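Engineer:
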């Protein structure tokens with residue numbers, strides 16, 4: 001047996017141990033959280049108390065319908081039989097709606113949660129669910145078949161906790177297949193880390209194709225090399241450099257050659273964004289997503305199919321399919337093979353997830369940016385390679401092409417990211433370089449903060465908050481958003497980036513009250529979300545709420561809070577205006593670990609690069625009178 005085969009077997013076993021360790025770490029964390037008092041879990045954002053389920057008792061209309069159905073079947077419609085019939089149907093319903101008077105949780109659409117009567121450890125009295133929609137006090141959840149809590153007939157006394165089901169079987173199935181087939185294509189890339197090889201004829205074709213697609217120099221280089229590669233190629237896409245534009249043309253070019261193309265990513269949002277971009281840019285007809293309808297948000301006009309049989313409609317032609325690596329090992333896409341696997345946001349994919357996706361094809365394009373968000377790793381692993389994404393794993397030997405012109409950030413906003421993250425190889429396109437915030441009417445409040453001449457502003461409140469939400473920041477951010485709206489800035493061009501969802505909820509509540517004269521539809525267009533969820537998105541105005549104000553508290557969450565990748569994503573969402581609201585007390589943090597201290601220094605340097613405006617007086621609904629303006633220092 002060749003040495004590379006032994007190495008592949010060892011890699012498979014290593015990935016299996018990695019997967020098990022990750023699951024055990026997640027379960028340990030969940031159970032430690034469950035062991036906390038309910039009040040502590042609520043404060044932490046991992047639980048919702050006082051949950052109720054509406055509709056646990058049949059309405060009169062429903063009773064009459066059941067009564068008629070039983071009578072027609074020759075069954076005496078007793079009260080007991082009516083209730084049993086109602087609960088039987090309720091148990092089969094795929095969704096359940098719950099209500100809560102207060103929701104300060106960190107849950108989001110797609111979160112796994114557990115609904116129970118008070119003891120999350122009691123499996124018989126617990127219902128595993130998936131959050132589909134969070135409207136604050138009203139949440140819609142997906143239930144397991146035949147296990148809908150509505151069937152219990154109990155409306156009050158429920159608690160919703162964070163949950164992590166055991167889904168290891170999906171990727172273990174992929175590892176079993178990898179071990180059985182031992183494909184050279186994967187071994188060459190992941191084990192031997194061979195360099196990309198190229199087909200001269202395909203390179204020539206790509207050069208001709210790229211000449212008509214409006215690429216800049218680096219985009220053209222990336223397209224040609226990725227198209228011409230025999231085995232794999234990497235494209236690094238810093239913020240706003242058009243990586244999805246290149247992906248769209250690349251996937252379409254492959255499909256037009258009759259190839260089967262898989263678009264995959266670490267999450268549905270990334271897949272949906274890529275597919276929507278392909279449709280918008282090339283209008284390629286044989287394009288679809290395979291997955292749950294609940295995960296189809298953001299697809300636009302691209303068709304979503306629950307199961308893979310829809311592929312038969314375009315089989316024989318080149319087609320483009322979007323799906324997660326998990327879907328490849330379920331009934332949705334089991335056994336379907338592709339010619340090319342395009343991995344978007346590859347810097348967020350672990351080696352395990354990448355290997356699972358790669359099994360479906362024989363040529364691989366990895367598109368990502370290891371300077372942005374990395375994979376989420378729960379456990380500590382002895383091999384540092386397991387902490388890295390597949391993109392970073394390959395980048396050290398074969399960096400491919402880095403796109404270097406941003407069409408998003410103006411020159412001032414791009415400067416810090418270019419210096420700290422991209423070796424001064426990240427510049428604004430001439431169409432973006434001199435853009436400034438356009439305010440249709442002059443602000444009556446906070447004119448110094450909203451000044452278009454100051455693209456990057458740090459509003460220093462100098463508070464000492466240690467929680468995952470901070471009221472004064474929430475109020476200040478809501479006031480700024482309100483003033484932007486009043487000055488004519490479109491709600492769809494404003495986003496608030498927060499480290500904790502509890503802070504997002506506090507801002508949303510304050511904004512709804514502050515802008516009660518505006519329609520809910522308009523206010524909903526103001527995005528308020530975490531850094532992780534904002535990757536890949538952009539707005540004219542980004543407001544970053546730092547939330548934490550005590551450096552000792554931030555120290556406890558240093559790997560989360562001060563991570564440079566997280567900072568890079570947060571500060572590169574804005575086109576023309578970036579406002580940071582927080583406390584300079586954070587920068588007092590000191591670490592004995594050199595790497596962590598470098599992170600804090602980077603964070604401090606960024607704040608120092610902003611125009612600082614200090615606000616010390618209590619928040620008022622009118623513009624504060626006393627301000628001290630200076631270039632941030634120290």
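Residue numbers (full-length UniProt numbering): 1 to 634.
From the three backbone atoms N, C-alpha and C, an ideal C-beta is built for every residue, glycine too.
Bear in mind that the values here come from a model prediction, so they are computed numbers and not experimental data.
1) Classify residue 320: buried if its beta carbon has 16 or more other beta carbons within 10 angstroms, exposed otherwise.
2) Can you tell which of 542, 458, 592 has its C-alpha closest to the C-alpha of residue 577?
3) If I measure Cβ to Cβ from residue 12 and keep anything under 7 Å in the same chain, skipping five residues before and after, which residues do I get?
4) Taking the alpha helix (DSSP H) that residue 447 belongs to, which residues open and close that run?
5) With DSSP as the reference, identify every bridge partner of residue 545, one or two as the case may be.
6) Suppose you measure from the CA of residue 616 to the CA of residue 292; what does that come to, to the nearest Å?
7) Should residue 49 and residue 159 be called a contact, given that it needs their Cβ atoms to be closer than 7 Å?
8) Quick check on residue 229: buried or exposed, where buried means 16 or more other Cβ atoms within 10 Å of its Cβ?
9) Out of curiosity, what's the CA-to-CA distance linking residue 338 and residue 533?
10) Does residue 452 pass the burial test, meaning 16 or more other C-beta atoms within 10 Å, or should it be called exposed?
11) Pick out the complete beta strand (DSSP E) segments inside the region 330 to 418, 3 residues or longer, and give them in chain order.
12) Between the alpha carbons of residue 34 and residue 277, how many angstroms are there, rounded?
13) Taking the straight line between their C-alpha atoms, what separation do you get for residue 437 and residue 484?
14) Under three-state DSSP, which class holds residue 109?
15) Just to check my reading of the structure: residue 386 and residue 351 have Cβ atoms closer than 8 Å, yes? What is that Cβ distance to the nearest angstrom?
16) Roughly how many angstroms lie between the CA atoms of residue 108 and residue 77, to the nearest whole one?
17) Here's the rule I'm using: 16 or more other beta-carbon atoms within 10 Å means buried, otherwise exposed. How should residue 399 be labelled?
18) Of the choices 133, 613, 594, whose alpha-carbon is the least far from that of residue 450?
19) Do the region 477 to 493 and the region 428 to 445 touch if we need at least three Cβ pairs shorter than 8 Å?
20) Based on the DSSP secondary-structure assignment, which residues constitute the bridge partners of residue 71?
21) Going by DSSP, name the residue or residues bridged to residue 138.
22) Closest Cβ-Cβ distance between residue 174 and chain D: below 7 Å?
23) Have a look at 31, 187, 106 and flag the residue whose alpha-carbon is nearest the alpha-carbon of residue 10.
24) Whose CA, out of 122, 243, 329, 233, lies closest to the CA of residue 172?
25) Give the DSSP bridge partners of residue 128, in chain order.
26) By DSSP, does residue 16 sit in helix, in strand, or in coil?
27) DSSP puts residue 150 in a beta bridge; with which residues?
28) Which of the three DSSP states, helix, strand or coil, is assigned to residue 30?
29) Just tell me which of 264, 302, 348 has its CA closest to the CA of residue 327.
30) By DSSP, does residue 319 sit in helix, in strand, or in coil?
31) My output table needs one value for residue 612: the three-state DSSP class, helix, strand or coil.
32) Are the beta-carbon atoms belonging to residue 208 and residue 247 less than 7 Å from one another?
33) Which one or two residues does DSSP pair with residue 289 in a beta bridge?
34) CB residue 583 to CB residue 461, shorter than 7 Å?
35) Over what stretch of residues does the beta strand (DSSP E) that includes residue 236 continue unbroken?
36) Tell me the DSSP secondary structure of residue 589 in three-state form.
Structural biologist: With the structure as the only source:
1) It counts as buried.
2) Put simply, of 542, 458, 592 the residue whose alpha carbon is nearest the alpha carbon of residue 577 is 542.
3) For residue 12, the CB contacts under 7 Å within the same chain, skipping 5 residues up- and downstream, are 175, 178, 179 in chain order.
4) Residues 447 to 450.
5) 581.
6) Cα to Cα, residue 616 sits roughly 49 Å from residue 292.
7) It is a contact, given that the beta carbons lie within the stated cut-off.
8) Of the other Cβ atoms in all chains shown, 16 or more fall within 10 Å of the Cβ of residue 229; this residue is therefore buried.
9) Cα-Cα distance, rounded: 29 Å.
10) It is exposed - the Cβ of residue 452 has fewer than 16 other Cβ atoms within 10 Å.
11) Counting only runs of 3 or more, we get 340 to 343, 363 to 368.
12) In this structure, the alpha-carbon of residue 34 lies about 41 Å from that of residue 277.
13) For residue 437 and residue 484, the distance between alpha carbons rounds to 11 Å.
14) Three-state DSSP puts residue 109 in coil, outside helix and strand.
15) About 7 Å separates the two Cβ atoms, so the contact holds.
16) Spanning the two alpha carbons is a distance of roughly 42 Å.
17) With fewer than 16 Cβ atoms within 10 Å of its Cβ, residue 399 is classed as exposed.
18) The shortest Cα separation from residue 450 among 133, 613, 594 belongs to 613.
19) Three or more beta-carbon pairs drawn from the region 477 to 493 and the region 428 to 445 are found closer than 8 Å, and the two stretches are therefore classed as touching.
20) By DSSP's assignment, residue 71 forms no beta bridge with any residue.
21) Residue 138 is bridged to 99.
22) The structure shown contains no chain D, having only a single protein chain.
23) Residue 187 is the option with its Cα nearest to residue 10.
24) Closest option to residue 172, judged by alpha-carbon separation, among 122, 243, 329, 233: 329.
25) 114.
26) Looking at residue 16 - three-state DSSP - the assignment turns out to be helix.
27) Assignment of beta-bridge partners to residue 150 by DSSP yields no partner.
28) DSSP, reduced to helix, strand and coil, places residue 30 within a helical segment of the structure shown.
29) Per the Cα distances, 264.
30) Strand, per DSSP.
31) In the structure shown, residue 612 sits in a strand (DSSP, three-state: E or B).
32) Going by C-beta atoms, residue 208 is not nearer than 7 Å to residue 247.
33) Answer by DSSP bridge pairing, in chain order: 304, 322.
34) Against a cut-off of 7 Å, the Cβ pair of residue 461 and residue 583 comes out as a contact.
35) Following the DSSP letters along the chain, one finds residue 236 inside the beta strand (DSSP E) bounded by residues 232 to 236.
36) Secondary structure at residue 589: coil, using DSSP grouped into helix, strand and coil.
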